[in-house]
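Residue numbers (this note's numbering): 358 to 410.
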């Protein structure tokens, strides 16, 4: 798991918790959702970097 995927998962979980558990009104928390989706798409399109020893 690389940092891009980790950041995407953390952002999506934070967005879910703020929106559905804490009932924070809509607004800027959707930036977490947007950033999480963009990072997920980047991870899918670019792929994981290959580690060379």
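Ideal Cβ positions, reconstructed from N, Cα and C, are used throughout, including at glycine.
One thing to note: residue 369 has its Cβ within 8 Å of the Cβ of residue 393. With a 10 Å radius around the Cβ and a threshold of 16 neighbouring Cβ atoms, residue 399 comes out exposed. In the structure shown, residue 378 adopts helical secondary structure according to DSSP, grouped into three states. A residue is called buried once 16 or more other Cβ atoms fall within 10 Å of its Cβ, and residue 365 is buried on that count. The Cβ atoms of residue 396 and residue 361 lie closer than 8 Å to each other.
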